[in-house]
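Visitor:
Numbering (our numbering), first residue to last: 1 to 158.
#1: Mapping the DSSP letters down to three states, classify residue 20 as helix, strand or coil.
#2: Since residue 115 is in the alpha helix (DSSP H), which residue starts that stretch and which ends it?
#3: Just verifying my parser: in three-state terms, what is the DSSP assignment at residue 73?
#4: Pick helix, strand or coil for residue 133, following the three-state DSSP scheme.
#5: With respect to the beta strand (DSSP E) encompassing residue 110, which residues constitute its N-terminal and C-terminal limits?
#6: Under 8 Å, do residue 137 and residue 98 count as touching if we go by C-beta distance?
#7: Apart from the five residues on each side of it in sequence, which residues of its chain come closer than 6 Å, Cβ to Cβ, to residue 140?
#8: Among residues of its own chain, excluding the 5 on either side of residue 4, which ones have a beta-carbon nearer than 8 Å to its beta-carbon?
#9: Is DSSP giving residue 97 helix, strand or coil here?
#10: Leaving aside the five residues before and after residue 56 along the sequence, list all residues of the same chain whose C-beta is less than 7 Å from its C-beta, in chain order.
#11: Short of 6 Å in beta carbon distance, which residues of its chain neighbour residue 48, apart from the five on each side in sequence? Order them along the chain.
#12: Based on DSSP bridge pairs, tell me the residues matched to residue 84.
#13: Going by DSSP in three states, residue 102 sits in which element: helix, strand or coil?
#14: Please name the residue or residues paired with residue 141 in a DSSP beta bridge.
Structure (structure tokens):
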């Protein structure tokens, strides 16, 4: 069984355990996220479904599906780029994660962050007179591949 099939099977099990359905269209969109291996926009997922499965899913439907996937902790929405990616902590509500986003190629990766870092962030925000609403951190950086490439050899996907 391929990694994609394992992830899709796990998503189905998580949805069943929560009493929600992973409908055929939700499966297609999640499959697009899994296969993309980077953060993608709703419109890129519309194109993926059309090209790969000859399924015309309206953009608004894809956005609703992405909201569903995010609500059930199957996907992350990257606020900085308005793109989505599959969660590493698939199905878990992990607030203490760090999302690293390559500015050049758009590759994105979720990585664990120590709970103490989030606690320190909370304290710093409170000392400044603010309340932390969403502790999910997104950091723009360069991936290892883009760091080693000459500027003219690697172009941004933005």
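Note that CB positions come from ideal geometry on N, CA and C, so glycine has one too.
Guide: Let me spell this out:
#1: In the chain shown, residue 20 corresponds to position 20, counting from 1. Three-state result, residue 20: coil.
#2: Against the chain shown, residue 115 aligns to sequence position 115. Its alpha helix (DSSP H) spans residues 115–127.
#3: Taking the chain shown and counting its residues from 1, the one referred to as residue 73 is at position 73. Three-state result, residue 73: coil.
#4: One-based indexing of the chain shown puts residue 133 at position 133. Coil at residue 133, not helix or strand.
#5: For this step, residue 110 is matched to residue 110 along the chain shown. Counting along the chain, the beta strand (DSSP E) containing residue 110 begins and ends at 108–112.
#6: Here the question's residue 137 lines up with position 137 in the chain shown. Here the question's residue 98 lines up with position 98 in the chain shown. For residue 137 and residue 98, yes; Cβs fall inside 8 Å.
#7: In the chain shown, residue 140 corresponds to position 140, counting from 1. Taken in chain order, the residues that qualify are 101 and 103.
#8: Reading the chain shown from its first residue, position 4 is the one you call residue 4. 31, 34 and 35, listed in sequence order.
#9: In the chain shown, residue 97 corresponds to position 97, counting from 1. Correct three-state label for residue 97: strand.
#10: Translated into positions along the chain shown, residue 56 becomes position 56. The beta carbon of residue 56 lies closer than 7 Å to those of 50 in the same chain, with the five residues before and after it left out.
#11: In the chain shown, the residue the question calls residue 48 occupies position 48. Same-chain partners within the cutoff: 32.
#12: Taking the chain shown and counting its residues from 1, one reaches residue 84 at position 84. In DSSP, residue 84 forms a bridge with 40 and 77.
#13: For the purposes of this step, residue 102 is taken as the residue at position 102 of the chain shown. Here residue 102 sits in strand by DSSP.
#14: Taking the chain shown and counting its residues from 1, the one referred to as residue 141 is at position 141. For residue 141, which the question treats as bridged, DSSP gives the partners 102.
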